[in-house]
Amino acid sequence: MINGKSFDSNKRDSERYNGTKAKSRGGMPEMFQRLSREFNLQPVQKTKRERVTVEPEDLQAMISEWTDKKVKTEVAEESEEGPSQKRKKKFNTSGAKKVSRREELLSEIKEDGGASRICSKMLEMISNTCKFQPNGAISGFFQLLVNELSIIRSVFVEKSRCDEFNELLKKLREEEDFEPFAEVLAEEKSCNPISSSEVSTSEISSFDAAEFWEEE
């Protein structure tokens with residue numbers, strides 16, 4: 007008997023305690039544990055608003071998508087290799103041609119409602135990333151998103167589309183959910199709205215586009 011309890015009673019208490027700890031550890035998906043260790047991700051503790059919990063699958067999908075885009079971009083930008091080397095890099099082992107991210111967007115924007123879908127998916131990726139506390143890994147993701155946004159902008163200008171993209175930037179600037187990413191864009195000033203000098207149907211002047219990320 008120990009401290010008024012029998013040995014068996016203490017053993018049962020210990021098993022219940024250890025079982026609770028094991029369950030707590032087991033309740034966290036393995037993928038989230040791995041990402042937490044690798045990227046040191048910390049949930050947002052104090053915010054001006056309640057934030058939706060990010061599922062590990064969301065982050066995994068984001069990483070996979072960005073990795074795939076990076077590979078495609080690197081393949082598309084190979085221009086200094088000889089013809090035989092470029093051919094090897096542009097085709098995978100199955101013989102299918104790898105398509106660059108820009109080519110993907112050019113194809114998608116031609117579809118019915120394609121421009122809106124491109125912008126909606128972009129907002130979703132930005133929103134998911136903004137739900138984590140800022141750290142080195144998240145900063146890296148933000149830079150990937152800035153690059154993606156720049157590619158989208160160039161495609162929209164090429165196809166003389168401006169309304170959907172300019173509306174996307176307005177949401178990023180005005181809605182609180184996107185504040186961490188909007189701060190990055192405001193600091194870099196590398197992605198302004200599409201002005202009327204670029205697309206004639208735009209309602210935004212060159213001056214207003216240049217001043218878009220200035221503090222009001």
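Residue numbers (our numbering): 7 to 222.
Ideal Cβ positions, reconstructed from N, Cα and C, are used throughout, including at glycine.
- If you draw a 10 Å sphere on the C-beta of Phe213, you find fewer than 16 other C-beta atoms in it, and that means exposed.
- Taking one beta carbon from each stretch, the region 121–137 and the region 168–180 have 3 or more pairs nearer than 8 Å; the two touch.
- For Val205, there is no enclosing alpha helix (DSSP H), since its DSSP letter is neither H nor E.
- Distances from the CA of Glu109 to each of Lys177, Ser160, Met128 were compared; the closest alpha carbon is that of Ser160.
- Burial state of Glu154 is buried, judged by a 10 Å Cβ sphere holding 16 or more other Cβ atoms.
- Nearest neighbour of Ser133 by Cα position, chosen from Ser166, Lys177, Arg107, Ala192, turns out to be Lys177.
- For Ser122, the enclosing alpha helix (DSSP H) begins and ends at 120–136.
- Our two residues, Gly146 and Glu194, have alpha carbons roughly 14 Å apart in a direct line.
- Per the coordinates, the alpha-carbon of Phe138 lies some 35 Å from the alpha-carbon of Glu209.
- Taking C-alpha positions only, Cys125 is separated from Glu182 by approximately 18 Å.
- Short of 6 Å from the beta carbon of Leu129, and not among the five residues preceding or following it, lies no beta carbon of its own chain.
- Glu189 has its alpha-carbon roughly 14 Å from the corresponding atom of Thr135.
- Of the candidates Leu111, Ser106, Ser203, Pro140, Pro140 places its Cα closest to the Cα of Phe184.
- Across the structure, Glu180 and Leu174 are spaced so that their CA atoms are roughly 10 Å apart.
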